[in-house]
Amino acid sequence: MLRPSSRFVRTLVAIFMVACLVLLLLVLRANLARQQEQVAYQMSSLSWKLSETLFEAQRLEQTFLAFETGRAGRQDLIQATELFWSRVEVLRASELKNLGTLSAITDDLLDYLENNEHSIYEANFLSMDKARNLRARIEELGGELRAQWISDMLGDRKTIQTTAASGLEQTRSRYEFMILSCIILLSVYMVAELFGAQRAHARESALHQAARSASEAKSAFLANVSHEIRTPLNGVMGMAQVLSDSDLQPDQAQMVQVILTSGETLLATINDVLDLSKIEAGQMVLEERPFDPMARLRQCIDLHKARAQEKTLTLTVEQNPDVPQWVVGDALRFSQVINNLISNAIKFTETGGVHLRVSRESVEDRCTIQVAVLDTGIGIPPAVHQEIFKPFSQADVSTTRLHGGTGLGLGISRDICRLTGGDLTVQSVLGQGSEFLAEFRFAHCRELPHSTDPPPQSAAESTDAERSILIVDDSATNRLVIRRFLNQPGINLVEADSGARALELIRHTRPDLILMDVQMPEMDGLEATRRLRQIEAVGSVRRIPVIAVTANVMDHQVQEYLSQGMDDVIGKPIKKAEILDVIRRYGDTDPQETRNKPA
Amino acid sequence: MLRNLRKLLVLLVIFTGGMGHANDLPVPSGPVLLEVTGGIAVTNADGRARFDREMLAGLDWREIETFTSFTDGPQRFAGPTLSSLLAAVGAQGQMMAARAINDYFVEIPLAHANAHDVLLAMEMNGRTMRLRDKGPIWVVYPLSEEEAERQPFDTEMIWQLNRIEILP
């Protein structure tokens, strides 16, 4: 891909520039040190030249004096003058030529020497007077030179230093220029990177936003689809159930059974798809409520007993003594996983049987329950051990037709196990069988002697007195389905086709229980319930339990119904056993009855 | 007075020149410009080797064009090489103490003579160097313009040279 590599190149370039900068700085520092040395040398060199000149001036004066007193000859005078002259020349050639004040004096000195060269060197005779005059002049000029030097050196050292350093500026400014360019380039690079990063961030935000709204759109779509499918499915399943209860000839009964089974599979598929999308969106939330794991397990086994018998397979369970009576977690999801595993085990086993082994492990604070489901089935080749957990896959594609199923179950089961903190793993030998090990981590276990988890009773055991139940639904089909389910002695049914009509009927007939559809035109179920609760509060009358009957059973929707005053929720398509169970539970007209979780 | 004394000295040197060790080195006839002492094998005046202009001209005389840190632009110098002088006196040692007429002095490693082709310049741009021109002898290290700018041998390039002492 182009982008990462260009970033890599840019980073390399930046690092290279930093390295260059560091190098240049080091070179500049060395250069600077050298320059400082040189300036110091120049300064001392200038001082040296000047002091030598003054020294020779002194010696010349002394030689003049010696000549005047006869102790020195002409040759000595000439040599002394020559030496002095050479020092003046050296001084004149030095950097001091840039200093106006000192170079003026130097020029004066040279003038003096040139003017008097003839007298000192060549003239036949040099008189004492002349010598005295010459000496006086040298003394004067020497004094001037010294005075000027003192004033320049001590008073205005800066000028001297600049003079001394005049040749050294060039190299330094060259390096400084290079360093400046490097710094500018680096700054430009950093600013560009910052801008780039900002733009990338904005782009990322936009993408993130798009992804989120896409995800939200998907959830909304799924909720809609779920509702649209469940509602007519309610009609299909409902009628099929009613039909199966009526008098049928054997082949008719078989046909109806097929309709029922297909409907159940369809419902299971929709539920699975919704679960998967929930898990993918990270929206699956596990409940934390106490339940009896072994009781749940046995219920799951009961569900599959018939099927196992049909295939002449054994279905057994073994429980370790340390398995607790109570755990705190999500009973529904626990059952979902166990059911899935048992169903798969039975599906893929032709001879032998399925065995469950339940044990417990305490890891840190939490309570881990392990359920191993062993079967003597066709087994799973090691190569596809991971594949089977992926959506819509089975170990062998050809078996899909033979064994049926949505193919979503294992993935969802593993996700659920992992959500608790455990995992779902498999061990298998092709042709011999498989062992699925589901590990659930629950918040804690309790050993309570008393069961508060009510076992679901068969609805036929209801022995209540006559009750009046109000069915509110704008769809005649739905009302018919419920009517058929509740067609038994002890129940008086009243129907309303709208929220408004329902409120009217409530005023007149005072039902014991209301089954309220949520999705209705004009006044919907929620509004009707709200108004009912208001009336009850104002009039201080007994509260009538309102059960929402709806295809919208997503968590947040259920929460909304409950918060608006409804007491419970039944999902469409309605199962006969479910509705009878709810009716039995809300049979008491005690307004203080606590709400149970949705069935 | 001094001049007479000097003449006497010269005569003495000529007469006593045969005595002592050095036979290869003649005695100077003109004014002595350079006196070499110390670790030398060849002498012409009790332990010293004295040279006048003629004797120096008789050594390995070279003409060079070079830059110095004391001058502007290229200059021409002519004079004997330091190596030839050292060879003429049979110098044995590592260093030499060079002294000028005004008593300035500096120590120079003998190795420089060959390593840097040091010249005892006596003529500059065709003219004999007077004292004020840094003569009679200026120890010149030939340098390029860039080298001269760095001033590498400022202290060694002693001018108005008149004494050399060979040190071990």
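Residue numbers (this note's numbering), protein chains in the order written: chain A, 63 to 661; chain B, 10 to 177. C-beta: ideal position from N, C-alpha, C; glycine also.
Own chain, CB closer than 7 Å to residue i, minus 5 neighbours either side, in chain order
i	result
TYR113(B)	ILE167
ASP536(A)	ASP559, SER560, ASP579, MET582, PRO583
VAL318(A)	ALA302, LEU305, SER306, LEU310
ARG265(A)	none
MET616(A)	ALA285
SER153(B)	PHE76
GLN626(A)	LEU588, THR591, ARG592
THR293(A)	ALA613, LYS634
LEU481(A)	MET346, LEU348
PRO518(A)	Here the model assigns PRO518(A) a pLDDT of 49, short of 50, so the residue's position is not dependable, and the following value carries that caveat. Closer than 7 Å at the Cβ level, and outside the excluded window around PRO518(A), lie ASP643.
Contacting residues, own chain, Cβ-Cβ under 6 Å from residue i (five flanking each side not counted)
i	result
GLU423(A)	THR430
MET299(A)	GLY325, PRO635
VAL491(A)	GLY441
TYR648(A)	LEU575, PRO607
ILE110(B)	GLN169, ASN171
ALA130(B)	PHE86, GLY88, TRP147, VAL149
Coarse secondary structure for residue i, derived from DSSP in three states
i	result
THR143(A)	helix
VAL320(A)	helix
GLY483(A)	coil
PHE126(A)	helix
SER524(A)	Any answer about SER524(A) is weak, because its pLDDT of 44 lies below 50 and its placement is not dependable; what the coordinates show is given next. Three-state result, SER524(A): coil.
PHE60(B)	strand
GLN555(A)	Note on residue identity: the sequence assigns Leu, not Gln, to residue 555(A). Three-state DSSP puts LEU555(A) in a strand.
GLU501(A)	strand
PHE162(B)	coil
VAL152(A)	helix
PHE410(A)	coil
ARG236(A)	helix
ARG265(A)	helix
VAL389(A)	strand
SER537(A)	coil
ILE175(B)	strand
ARG133(A)	coil
ILE440(A)	coil
ARG292(A)	helix
PHE76(B)	strand
VAL71(A)	helix
GLY495(A)	strand
HIS506(A)	coil
LEU418(A)	strand
LEU256(A)	helix
Contact with chain D by residue i, beta-carbon distance below 9 Å
i	result
LEU122(A)	Chain labels in this structure do not include chain D; the protein chains are A and B.
Spatial neighbours of residue i in its chain, beta-carbon cut-off 8 Å, leaving aside the 5 residues before and after
i	result
ILE363(A)	LEU377, VAL379, ILE404, LEU418
HIS506(A)	VAL389, VAL390, ASP427, ARG428, CYS429
ASP170(A)	LEU203, GLU206
LEU1(B)	Any question about residue 1(B) goes unanswered here, given that chain B covers just 10 to 177.
ARG199(A)	TYR174
ASN402(A)	GLY471, LEU472, ILE474, SER475
ASN554(A)	GLU528, ARG529, SER530, ILE531
Self-check item: Three CB pairs or more closer than 8 Å across the region 109-119 of chain A and the region 152-169 of chain A
Solution: For the pair of segments examined, the region 109-119 of chain A was found to touch the region 152-169 of chain A: the number of CB pairs separated by less than 8 Å reaches three.
Exercise. Pair every Cβ in the region 57-77 of chain B with every Cβ in the region 138-151 of chain A, then say whether three or more of these pairs are closer than 8 Å.
Key: Short answer: they don't touch.
Quiz prompt | Contact set between the region 83-95 of chain B and chain A, restricted to residues whose Cβ is under 8 Å from the partner | solution = If the cut-off is 8 Å between Cβ atoms, the region 83-95 of chain B has nothing near chain A.
Quiz item: If you measure beta-carbon to beta-carbon, which residues of the region 136-151 of chain B are closer than 8 Å to chain A?
Solution: Answer set for the region 136-151 of chain B: ARG139, LEU140, ARG141, ASP142, LYS143.
Exercise. Tell me, please, whether the region 368-381 of chain A touches the region 312-328 of chain A by the rule of three or more beta-carbon pairs shorter than 8 Å.
Key: Short answer: they don't touch.
Practice problem: Pair every Cβ in the region 64-80 of chain A with every Cβ in the region 240-251 of chain A, then say whether three or more of these pairs are closer than 8 Å. | Solution: Yes: at least three Cβ pairs fall under 8 Å.
Practice problem: Any chance you could list the alpha helix (DSSP H) runs of at least 4 consecutive residues sitting entirely within the region 166-210 of chain A, in chain order? | Solution: Fully enclosed alpha helix (DSSP H) runs of 4 or longer: not present.
Quiz item: Using a Cβ cut-off of 8 Å, which residues of the region 200-213 of chain A contact any Cβ in chain B, in chain order?
Solution: Within the region 200-213 of chain A, contact with chain B at the beta-carbon level (separation under 8 Å) is assigned to no residue.
Quiz prompt | alpha helix (DSSP H) runs wholly inside the region 86-159 of chain B, at least 4 long, in chain order | solution = Along the length of the region 86-159 of chain B, whole alpha helix (DSSP H) runs at least 4 residues long occupy 91-98, 121-124, 154-158, reported in chain order.
Quiz prompt | Stretch pair the region 101-108 of chain A + the region 126-142 of chain A: three plus CB contacts closer than 8 Å | solution = Under the three-pair Cβ rule at 8 Å, the region 101-108 of chain A does not count as touching the region 126-142 of chain A.
Quiz item: Enumerated in chain order, which unbroken segments of the beta strand (DSSP E) with a length of 3 residues or greater are wholly contained in the region 563-631 of chain A?
Solution: Taking only runs of at least 3 residues, the beta strand (DSSP E) segments lying wholly in the region 563-631 of chain A are 575-579, 608-612.
Practice problem: Check whether the region 274-289 of chain A touches the region 330-337 of chain A, taking contact to mean three or more Cβ pairs, one atom from each stretch, closer than 8 Å. | Solution: Contact holds: three or more Cβ-Cβ distances are below 8 Å.
Exercise. Scan the region 106-122 of chain A for residues whose Cβ lies nearer than 9 Å to a Cβ of chain B and list them as they occur along the chain.
Key: Along the region 106-122 of chain A, going in chain order, the ones with a CB nearer than 9 Å to a CB of chain B are SER107, GLU114, PHE117, GLU118, ARG121.
Practice problem: Check whether the region 628-638 of chain A touches the region 344-359 of chain A, counting contact only when three or more Cβ pairs, one atom from each stretch, lie closer than 8 Å. | Solution: No: the two stretches stay apart, fewer than three of their Cβ pairs being nearer than 8 Å.
Quiz prompt | Stretch-stretch touch, CB-based, cutoff 8 Å, three pairs: the region 190-199 of chain A with the region 92-100 of chain A | solution = No: the two stretches stay apart, fewer than three of their Cβ pairs being nearer than 8 Å.
Exercise. Check whether the region 528-544 of chain A touches the region 490-500 of chain A, taking contact to mean three or more Cβ pairs, one atom from each stretch, closer than 8 Å.
Key: Inter-segment contact for the region 528-544 of chain A and the region 490-500 of chain A is absent: fewer than three beta-carbon pairs are separated by less than 8 Å.
Practice problem: Identify each residue in the region 100-123 of chain B for which the Cβ-Cβ distance to at least one residue of chain A is less than 7 Å, and report them in chain order. | Solution: So the list reads ILE110, ASN111, given in the order they occur along the chain.
Quiz item: Using Cβ-Cβ distances below 9 Å, what residues of the region 131-155 of chain A are close to chain B?
Solution: Against chain B - using a Cβ distance shorter than 9 Å - the residues of the region 131-155 of chain A are GLY135, GLN137, ASP138, ILE140, GLN141, THR143, GLU144, LEU145, PHE146, TRP147, SER148, ARG149, VAL150, GLU151, VAL152, ALA155.
Quiz item: Which residues, in chain order, does the region 50-83 of chain B contribute to contact with chain A at a C-beta distance below 9 Å?
Solution: Here the close residues are PHE79, THR80, ASP81.
Quiz item: What beta strand (DSSP E) runs, 3 residues minimum, are completely inside the region 86-111 of chain A?
Solution: Those beta strand (DSSP E) runs which fall completely within the region 86-111 of chain A and span 3+ residues do not exist here.
Practice problem: Run through the region 346-383 of chain A for me and flag every whole beta strand (DSSP E) of 3 or more residues, listed as ranges in chain order. | Solution: Counting only runs that start and end inside the region 346-383 of chain A, the beta strand (DSSP E) elements of at least 3 residues fall at 351-353, 376-381.
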